[in-house]
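As numbered in UniProt numbering, residues 1 to 300 make up the sequence shown, in order.
In what follows, a single structure is set out as structure tokens and then discussed.
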Amino acid sequence: MIILSKQQILDSGLLTPSNALRWVREAFSLKYNARLPHKISITYDGGYFMNTMPCMIPSLNVFGVKVVTRYPGRTPSIAGDLLLYREDTGELLALMDATALTAIRTGAVAALAVQQLSRPDFKDIAIMGLGQTGRATLACLAELFSHQPLCLHVLRHKMQAEEIQNEYRERCPKWHVVIEDNYRSLVRSSDVIISCITYTDSLIAEDDDFRQGCLVVPVHTRGFQNCDLFFDKVFADDTAHVRGFQHFSQFKHFGELPAVLLGKIPGRESKEERILSYNIGIALHDIVFAHHLYETLGRQ
Numbered sequence: 001m002i003i004l005s006k007q008q009i010l011d012s013g014l015l016t017p018s019n020a021l022r023w024v025r026e027a028f029s030l031k032y033n034a035r036l037p038h039k040i041s042i043t044y045d046g047g048y049f050m051n052t053m054p055c056m057i058p059s060l061n062v063f064g065v066k067v068v069t070r071y072p073g074r075t076p077s078i079a080g081d082l083l084l085y086r087e088d089t090g091e092l093l094a095l096m097d098a099t100a101l102t103a104i105r106t107g108a109v110a111a112l113a114v115q116q117l118s119r120p121d122f123k124d125i126a127i128m129g130l131g132q133t134g135r136a137t138l139a140c141l142a143e144l145f146s147h148q149p150l151c152l153h154v155l156r157h158k159m160q161a162e163e164i165q166n167e168y169r170e171r172c173p174k175w176h177v178v179i180e181d182n183y184r185s186l187v188r189s190s191d192v193i194i195s196c197i198t199y200t201d202s203l204i205a206e207d208d209d210f211r212q213g214c215l216v217v218p219v220h221t222r223g224f225q226n227c228d229l230f231f232d233k234v235f236a237d238d239t240a241h242v243r244g245f246q247h248f249s250q251f252k253h254f255g256e257l258p259a260v261l262l263g264k265i266p267g268r269e270s271k272e273e274r275i276l277s278y279n280i281g282i283a284l285h286d287i288v289f290a291h292h293l294y295e296t297l298g299r300q
């Protein structure tokens, strides 16, 4: 067994946006031959949670479990650890920090959803929540769309928005970064809205704030429950993980994002469709990432 710290994983240089996007696609391609139980979640007042996320992938001869927690007073607030096993023998292969892994794989899934489900002529993209997940999402978006003229709308919070404005002025010269003062102006301004805020107990915006043809990607799910009831299509990483949502039975149309990627079902079919993509994070991605990290770092 090997033990991989967060710093060792970061120093390896393996968690690049390019690798993350490629590994997420690989994970989705393996989904329908994997065993993916619903995560077990314990939540309590104040935005604290503890999730246990198992998965088995026979084609890679691995299984594993990730434990992820959120403590609002901690930096980062969301952190995780992962155990990776060999499937045919049950041998424990690795114990690794999963904090950086979780951020980049979450960002890659969100960026992939934008690539697959946004209207092809989108110009304005908003992101709220500029912590580690939000910044990882931006890095993956830059990998996909850096050569496309876009207006990036970010929410004013402390000095985070100004930091993003300065960073992406150089990183993506074709992007124009606009700082918005509140959630509603952010939503009203955008064709694509990505939320990486980790907790909210209220709705982000009213129904009529959402543009026709927009795509909403709520990484941490909360704040967009009103969209469940009037958006034209809802997609998710996995049906079992959203079946318990309050409005699940009232979705107008529901499908899985991996089924779209594999060509099993259509995604966006018109510029006018409002689409919601719940990319809440599944252990399938974590175990594929852990497998690649172990295959490289475990042999050094």
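Don't be surprised by glycine CBs; every beta carbon is placed ideally from N, CA and C.
Quick caveat, the model's predicted, so the values are computed rather than measured.
Are the CB atoms of residue i and residue j nearer to each other than 8 Å?
| i | j | result |
| --- | --- | --- |
| residue 104 | residue 287 | no |
| residue 112 | residue 25 | yes |
| residue 20 | residue 108 | yes |
| residue 198 | residue 129 | yes |
| residue 35 | residue 55 | yes |
| residue 285 | residue 39 | no |
| residue 138 | residue 114 | no |
| residue 117 | residue 203 | no |
| residue 192 | residue 122 | yes |
Considering only residues of the same chain and omitting the five flanking positions on each side of residue i, which have a CB-CB separation below 8 Å?
| i | result |
| --- | --- |
| residue 206 | 184, 226 |
| residue 239 | 254, 256 |
| residue 292 | 14, 19, 23 |
| residue 180 | 126, 153, 154, 155, 156, 186, 189 |
Count the other C-beta atoms from every protein chain shown that fall within 10 angstroms of the C-beta of residue i, then say buried if there are 16 or more, exposed otherwise.
| i | result |
| --- | --- |
| residue 280 | buried |
| residue 158 | exposed |
| residue 277 | buried |
| residue 51 | buried |
| residue 150 | buried |
| residue 266 | exposed |
Output needed for residue i: all residues of its chain with C-beta closer than 7 Å, excluding positions within five of it in sequence on either side, in chain order.
| i | result |
| --- | --- |
| residue 71 | 48, 77 |
| residue 6 | 97, 99, 100 |
| residue 165 | 177, 179 |
| residue 148 | 174 |
| residue 83 | 64, 65, 92, 95 |
Would you identify the three-state DSSP class for residue i, choosing helix, strand or coil?
| i | result |
| --- | --- |
| residue 60 | helix |
| residue 135 | helix |
| residue 17 | helix |
| residue 255 | strand |
| residue 32 | helix |
| residue 43 | strand |
| residue 288 | helix |
| residue 70 | strand |
| residue 80 | strand |
| residue 142 | helix |
| residue 105 | helix |
| residue 98 | coil |
| residue 196 | coil |
| residue 277 | strand |
| residue 110 | helix |
| residue 179 | strand |
| residue 151 | strand |
Measure how close the beta-carbons of residue i and residue j come, nearest whole angstrom, since I'm counting them as under 8 Å.
| i | j | result |
| --- | --- | --- |
| residue 134 | residue 125 | Not really, about 12 Å apart at Cβ, beyond 8 Å. |
| residue 268 | residue 119 | 7 Å |
| residue 45 | residue 67 | Actually they are not in contact, since the Cβ atoms of residue 45 and residue 67 sit about 20 Å apart, beyond 8 Å. |
| residue 12 | residue 297 | 6 Å |
| residue 4 | residue 79 | Residue 4 to residue 79, Cβ: 15 Å. No contact. |
Excluding the 5 residues flanking residue i on each side, which residues of the same chain have their C-beta closer than 6 Å to its C-beta?
| i | result |
| --- | --- |
| residue 8 | none |
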